[in-house]
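> Quick mapping for you: the protein sequence lines, in order, are chains A and B. Residue 1 is where the first sequence starts when you use the working numbering, and the numbers rise one by one after that. Residue 1001 is where the second sequence starts when you use the working numbering, and the numbers rise one by one after that. Can you read through this structure? Questions will come right after.
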Amino acid sequence: MTTSVDDMPQMKKFREWFENRHEYAKKWKEKTGGRVVGYYCTYVPEEILYAAGILPVRVLGSHEPESITRPYLHDMYCPFCHDTLAQGLQGRYDYLDGVTLAQSCLHMRQSYFSFADRVPNIEWSYYLPFPHGVNNPHAGDFAKHEFEKFKESVEEWTGASISDSDLDRAIEVYNKSRELLTKVFELRKAENPPITGLHAMLIVVSSQVVDKEEHNEVLESFLEDVAEVEPDREVGTRLMLIGSEDYDIELFELIEYGMSYPATFVFEENCTGSRYFWGLVENGGDRLKAIAERYVYRVPCPAKDWARGDFFGRRRFQFIENVIREWNVDAVIIAQMKFCDPHELDIPSLRDMLDRMGVRHLHLELDLTQPVGQFRTRVEAMIEAMGEEDLFI
Amino acid sequence: MGVRVRPFECWDDFKRYRMEYYRNYLEAKENGSIRWAGSAWAFDPVPAGLGEDVYPLTGEPYGATAAFFRDFSMRALETIERKGAARDLCGYMRNYWGSVAMDRYLLADGAEIEPFPKPDFNFTIHICCTHAKWYHYAAELEGGVPTYAVDISVGPGYLLNDKKIEYVVRQLEDAIQWMEKVTGREYDDELLIRAVENEARSMTLWSKICKLNQNTPAPMEEKSMFSFYVMTLLRRSDEKVVKLYEKLYKEVESRVKRGIGALTQEQFRFVTDNPPPWPFLKVYRYLEENYGAVSVGSIYTFGLGAAWLGMDEKGENWIWEPAPTPEEAGYEIHDRRSALWWTAMFNLKYRASWQHEYSHWIRKQETYQMVKDWKADAIIMHLNRGCELWNMSTLEVRDYLVRNGISVATYEGNMADPREFDEARTFNVIDSFMQSLGIEKLT
């Protein structure tokens, strides 16, 4: 029996895929002769690309300091958009044939346009207008219309039509991935979760950069085997991560493995975590409508979650509230990408909600690189503060 | 030889309207009237159908007014920051939120009133990351004001189609039903139709006025334009605003005919891009007094409230020509749906500031063509930390203009946060830029 999740071959594979994602994509191209398209935001309907035989890979940064994007992006734009553009400008995405963005925040939008214009190998780029108002009843129709145009553009570019059966196959593969990833997150409800937030991040983000069918196979086998693994660490404080995209290994290692107090992430509410895969495509005939509805009604990104007349609340907040209860969360780390307006716009209300729930929370501002020492002190201080009542027992 | 100059005859009319606007909103409830708050980009003809006594408060101009009164702004900003708002969020919004959180309302002359007058409802649009969420949180601060935001992010006007317009129209139809519910009033389609027609007339008139500034000497300088353009953002569907613009149009036309300029000595023409640093408008006076430099307009003052043809159908060239009114387009507005369809189409297609978020290319063409059409010698760009939307593409535009032989200066600042502007440094930038172009200081 394997004694550690880290020693499981599947986990090693997830990490390898994550760390060597560019090499994976290049090899995939060599092997299949297919095209690779980078996508900037998780609202891109990957199923349509996948149905066309394209490998969709998420455009990610490297968490390395850079200075080459300053002529194109304002300093006040978020580190993620700078980092991703920097990767393109440095030639690390030289294998991409295309790039696309489903309308999300302005920062990514600007980064995407600069990427599409300035990365030389890009032969197809598509800005996909996707509804911002996902809480209005007309958003699904509108998204479907835009997905039709997106599909047409992909077909025109590849010179091949995408059939219903192609879409069915893609929906099946993607839904399976979502179901498996949901199971991974369900595991973490346990009193003694077998995996950490770092493992979960590696699993989710690797699924964003490799062929889903291949990823599904490994993930399915991982789920079978992980049941046999005896957790080898103290869980400590059960943390939930809420925020922007976060795929920085150093941050997870710091909080889960590098502190004086044990702590474990039991849930990540971000687009490198649950927001990416939550919610299935309910395929019932009209494929594009079904895909559109899944993307519109998934747990929304804060860029898209706002009041609309009869609906006053934020759907994301309702989701967070449920997770805190069901996953028995002790405290929340709000990890927000510096300058990320959508998150910043939610944070005062989010903190109010957490206060009302009596859930301790800490706000960390993420940058290209993280101030590890400072973060350690702050997270440890929060955990210490949570235990202060013990003094009086 | 110097240029003849004279004050604008309609100046006081514009100032008076603005004073009344803020006071009307304040006093609305005393008369049983309705007040609503929202973005200056909201579809303001839509609430107009609730009656002739409906008074809006548009957030961006309010935020700019607050910024102008620096002491008020500092208190507002610090109040809202203490509640957890990040400093890099929209400057207008933080002034607005801070004003609500302080429970103090600012009139156009700087007078402070307590408490902040709570709207009956918030009605806004969403195109950047901020607008809907601005009013979502404002509503929370106000204890739960009903709020409705229309998603308008359907892409640029030249790619508009019926489906995209329909998406917005359906949301507006829902909004009317919602407004009836939250106000208890019956909606009047005739008032809506009139408001939609007025909106188009106001916006098109402002475009025509802007076009007149292509003349030399320029009949207007941008600091004065700030007082004129804002009517399109306060209440453009108001008949009184149409009348103000008709009056201004005649006056500017007459100034052109008589050779009356904005400056006694116009030796340098430039355009700008972003909202200006409102607490530091003296930048414009510095340029005028020291260099005879006149700002003949900007993507902001022209693009925000005017209606232009914009990108051609192929998406290749930007056309700075006024958009047609319904009458000029031969479009008959006869009922609610046709009115909503027109206002949706008109704004989505012809509102310049709703175009350039969708690609660098649009804004590059828009800016390049403005420099050419208004015969500008240069562009002075404000790298504005106060608005991520208006700052979008600015550095790409800068790169493009420089490559195309246009002189560009940049300075960093914030439209609505007085703490983020370095006056001495900005003047240094201006001096260096002018020196590099060989423009002598006036003696």
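By construction, the Cβ of each residue, glycine as well, lies at the ideal position given by its N, Cα and C atoms.
Does any residue of chain B have a CB that is nearer than 8 angstroms to the CB of I347 of chain A?
As a working note, residue 347 of chain A is residue 347 in the first sequence. Output row for I347 of chain A: interface = yes.
> Is it true that the CB of V154 of chain A sits closer than 8 angstroms to the CB of A52 of chain A?
Position 52 of the first sequence holds residue 52 of chain A. Position 154 of the first sequence holds residue 154 of chain A. Yes, the pair counts as a contact, with Cβ atoms nearer than the cut-off.
> For the stretch 1078 to 1100 of chain B, which residues have a beta carbon sitting closer than 7 angstroms to at least one beta carbon of chain A?
Listed in sequence order: K1083, G1084, A1085, A1086, D1088, L1089.
> For the candidate residues A:F311, A:A307, A:W278, whose alpha-carbon lies nearest to that of Y297 of chain A?
Here residue 297 of chain A refers to the residue found at position 297 when the first sequence is read from its first residue. Measuring from the Cα of Y297 of chain A, the nearest candidate turns out to be A:W278.
> With 8 angstroms set as the bound, which would you pick, yes or no: does the beta-carbon of V136 of chain A sit closer than that to a beta-carbon of chain B?
To locate residue 136 of chain A, count along the first sequence from 1; it is residue 136. Note on identity: in this sequence residue 136 of chain A is Asn, with Val being the wrong assignment. Taking Cβ atoms only, chain B reaches closer than 8 angstroms to N136 of chain A, which makes this a yes.
> With three or more beta-carbon pairs closer than 8 angstroms as the criterion, would you say the stretch 1276 to 1288 of chain B touches the stretch 1198 to 1209 of chain B?
The stretch 1276 to 1288 of chain B vs the stretch 1198 to 1209 of chain B: no contact.
> Within 8 angstroms of any Cβ in chain A, is that where the Cβ of D1103 of chain B sits?
Locating residue 1103 of chain B in the second sequence gives position 103, counting from the first residue. It does not: the Cβ of D1103 of chain B has no partner Cβ on chain A nearer than 8 angstroms.
> Go ahead and pull the three-state DSSP assignment for D355 of chain A.
Counting from one through the first sequence, the residue named residue 355 of chain A turns up at place 355. The answer is helix: DSSP assigns D355 of chain A an H, G or I state.
> Mapping DSSP to helix, strand and coil, what is S1381 of chain B?
As a working note, residue 1381 of chain B is residue 381 in the second sequence. In the sequence as displayed, the identity of residue 1381 of chain B is Met instead of Ser. The answer is strand: DSSP assigns M1381 of chain B an E or B state.
> Straight-line CA distance for E230 of chain A to L167 of chain A?
If you number the first sequence from 1, residue 230 of chain A lands on position 230. If you number the first sequence from 1, residue 167 of chain A lands on position 167. Straight-line Cα distance between these residues: approximately 40 angstroms.
> Following the continuous alpha helix (DSSP H) through H215 of chain A, name the residue where it begins and the one where it ends.
Start at 1 with the first residue of the first sequence, and residue 215 of chain A comes out as number 215. Its alpha helix (DSSP H) spans residues 212 to 226.
> Taking a Cβ distance cut-off of 8 angstroms, strictly less, list which residues of the stretch 1141 to 1160 of chain B are near chain A, in chain order.
Those residues of the stretch 1141 to 1160 of chain B that come within reach of chain A (Cβ to Cβ, closer than 8 angstroms) are G1144, P1146, T1147, Y1148, A1149, V1150, D1151, S1153, V1154, G1155.
> Does the stretch 1355 to 1373 of chain B come within contact of the stretch 1328 to 1342 of chain B, defined as at least 3 CB pairs closer than 8 angstroms?
The stretch 1355 to 1373 of chain B vs the stretch 1328 to 1342 of chain B: no contact.
> Alpha carbons only, please: which of B:W1361, B:P1219, B:N1414 is nearest the one belonging to Y478 of chain A?
As shown, chain A starts at 1 and ends at 393. That puts residue 478 of chain A outside it, with no answer to give.
> If the cut is a Cβ gap below 9 angstroms, which residues of chain A does A1139 of chain B touch?
One-based indexing of the second sequence puts residue 1139 of chain B at position 139. Result: A307, F312.
> Can you tell me whether N1031 of chain B is helix, strand or coil according to DSSP?
What you label residue 1031 of chain B is simply residue 31 of the second sequence in a count that begins at 1. Correct three-state label for N1031 of chain B: helix.
> With 7 angstroms as the limit, tell me which residues of the stretch 42 to 73 of chain A have their beta carbon closer than that to any beta carbon of chain B; keep them in chain order.
Correct list: P71, Y72, L73.
> Using 10 angstroms around the beta-carbon of K31 of chain A, count the other beta-carbons present and answer buried if the total reaches 16, otherwise exposed.
Here residue 31 of chain A refers to the residue found at position 31 of the first sequence. Under this definition K31 of chain A is an exposed residue.
> If you draw a straight line from the alpha carbon of T158 of chain A to that of E179 of chain A, how long is it in whole angstroms?
As a position in the first sequence, residue 158 of chain A is number 158, starting the count at 1. As a position in the first sequence, residue 179 of chain A is number 179, starting the count at 1. Each residue's alpha carbon lies about 30 angstroms from the other.
> From E234 of chain A to G38 of chain A, what does the alpha carbon distance come to, in whole angstroms?
As a position in the first sequence, residue 234 of chain A is number 234, starting the count at 1. As a position in the first sequence, residue 38 of chain A is number 38, starting the count at 1. Looking at the two C-alpha atoms, the distance is approximately 38 angstroms.
> State yes or no: is the beta carbon of H1382 of chain B nearer than 8 angstroms to at least one beta carbon in chain A?
As a first step, residue 1382 of chain B must be located in the second sequence, where it is residue number 382. False, the Cβ-Cβ gap to chain A never drops below 8 angstroms.
> Only counting the same chain, and skipping five residues up and downstream in sequence, which positions put a Cβ closer than 8 angstroms to that of T237 of chain A?
For this step, residue 237 of chain A is matched to residue 237 along the first sequence. Result list for T237 of chain A: Y261, P262, A263, T264, D330, A331, I383, M386, in chain order.
> Return the Cβ separation of Q103 of chain A and L73 of chain A in integer angstroms, given the expectation that the two are a contact with Cβ distance under 8 angstroms.
Looking up residue 103 of chain A in the first sequence gives position 103. Looking up residue 73 of chain A in the first sequence gives position 73. In fact, because the Cβ distance is near 18 angstroms, the residues do not count as touching under 8 angstroms.
> What are the start and end residues of the alpha helix (DSSP H) that includes W124 of chain A?
Along the first sequence, one-based indexing puts residue 124 of chain A at 124. Counting along the chain, W124 of chain A falls outside any alpha helix (DSSP H), though it belongs to the beta strand (DSSP E) covering 124 to 128.
> Could you name the residues of the same chain whose beta carbon sits closer than 6 angstroms to that of D346 of chain A, not counting the 5 residues immediately before and after it, in chain order?
Walking along the first sequence from the start, residue 346 of chain A turns up at place 346. The residues are P302.
> Would you tell me roughly how many angstroms separate the C-alpha atoms of V36 of chain A and S62 of chain A, rounded to the nearest one?
Numbered from 1 along the first sequence, position 36 holds the residue referred to as residue 36 of chain A. Numbered from 1 along the first sequence, position 62 holds the residue referred to as residue 62 of chain A. Whole-angstrom Cα-Cα distance: 19 angstroms.
> Is there a Cβ of chain A sitting closer than 8 angstroms to that of A1067 of chain B, yes or no?
Residue mapping note: residue 1067 of chain B aligns to position 67 of the second sequence, counting from 1. So, not an interface residue.
> Just list the residues that DSSP pairs P302 of chain A with in beta bridges.
In the first sequence, the residue the question calls residue 302 of chain A occupies position 302. Answer by DSSP bridge pairing: none, since P302 of chain A is not bridged.
> With a floor of 3 residues, list each beta strand (DSSP E) that falls wholly inside the stretch 249 to 292 of chain A, ordered by position along the chain.
You should have 263 to 269.
> Comparing C-alpha positions only, which one of A:L350, A:H363, A:D6 sits nearest to I333 of chain A?
Here residue 333 of chain A corresponds to residue number 333 of the first sequence, with the count starting at 1. The shortest Cα separation from I333 of chain A among A:L350, A:H363, A:D6 belongs to A:H363.
> Could you give the uninterrupted runs of the alpha helix (DSSP H) lying entirely in the stretch 63 to 119 of chain A, keeping only those of 4 residues or more?
List check, alpha helix (DSSP H) in window: 79 to 89, 106 to 118.
> Skipping 5 residues on each side, what residues in its chain have a beta carbon closer than 7 angstroms to that of N1290 of chain B?
The count along the second sequence starts at 1 and reaches residue 1290 of chain B at position 290. Same-chain partners within the cutoff: K1441, L1442.
> Could you give the first and the last residue of the continuous beta strand (DSSP E) run that contains R1269 of chain B?
The residue you call residue 1269 of chain B lines up with position 269 of the second sequence. Per DSSP, R1269 of chain B belongs to the beta strand (DSSP E) from 1268 to 1272.
> Cβ atoms of A292 of chain A and K144 of chain A: under 8 angstroms apart, would you say?
For the purposes of this step, residue 144 of chain A is identified with residue 144 of the first sequence, where counting begins at 1. For the purposes of this step, residue 292 of chain A is identified with residue 292 of the first sequence, where counting begins at 1. Yes; because the gap between Cβ atoms is below 8 angstroms, this pair is in contact.
> Considering A1048 of chain B, what are the terminal residues of the alpha helix (DSSP H) in which it resides?
Within the second sequence, residue 1048 of chain B is the residue found at index 48, counting from 1. Note, A1048 of chain B: alpha helix (DSSP H), 1045 to 1048.
> Quick one, are the C-beta atoms of L1383 of chain B and E1412 of chain B less than 8 angstroms apart?
For the purposes of this step, residue 1383 of chain B is taken as residue 383 along the second sequence, with counting starting at 1. For the purposes of this step, residue 1412 of chain B is taken as residue 412 along the second sequence, with counting starting at 1. Yes, the pair counts as a contact, with Cβ atoms nearer than the cut-off.
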